[in-house]
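Participant:
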Amino acid sequence: MSDADAEPCDWCGDAVANPLSRTVRVSVDRSQIDSQRLCPECFAEWVDRYETEMRADTRHDDAAAAADGEDGGTDIIVD
């Protein structure tokens, strides 16, 4: 891998080849707020953190809805 084909991961700073890198983009109402270029390891950690945080939010929302007498269903739209 040549230096021209590698750029640093935005989290760990390690050089990663373009074909191996992953880009996480956060958008709200089609406006990009953030973009991060990650190596495969940092991307896997990002996915794990995202799943953990979303699971924790869902449990909290379900408990609050149950206390209010609702069924706890939520609508999440992933674009």
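Sequential numbering from 1 applies to the sequence shown in full-length UniProt numbering. Even glycine gets a Cβ: it sits at the ideal position worked out from N, Cα and C. If you're wondering where the values come from, they're calculated on a predicted model, not measured in any experiment.
(1) Using the C-alpha atoms, what's the distance from Val24 back to Ala17?
(2) For Arg22 versus Phe43, is the C-beta spacing smaller than 8 Å?
(3) Are there 16 or more other CB atoms within 10 angstroms of the CB of Cys9, so buried, or fewer, so exposed?
(4) Arg49 by DSSP, collapsed to three states: which one?
(5) Can you say whether Cys12 is buried or exposed, counting buried as having 16 or more other CB atoms within 10 angstroms of its CB?
Facilitator: Short version:
(1) Within the sequence shown, numbered from 1, the residue matching residue 17 stands at position 17. Within the sequence shown, numbered from 1, the residue matching residue 24 stands at position 24. If I take the Cα positions, the gap works out to 16 Å.
(2) For the purposes of this step, residue 22 is identified with residue 22 of the sequence shown, where counting begins at 1. For the purposes of this step, residue 43 is identified with residue 43 of the sequence shown, where counting begins at 1. With contacts defined by Cβ atoms closer than 8 Å, Arg22 and Phe43 form a contacting pair.
(3) Mapped onto the sequence shown, residue 9 falls at position 9. Label assigned to Cys9: buried.
(4) Sequence index remark: in the sequence shown, residue 49 carries index 49 (1-based). The answer is helix: DSSP assigns Arg49 an H, G or I state.
(5) For the purposes of this step, residue 12 is identified with residue 12 of the sequence shown, where counting begins at 1. Cys12 is exposed by the Cβ-count criterion.
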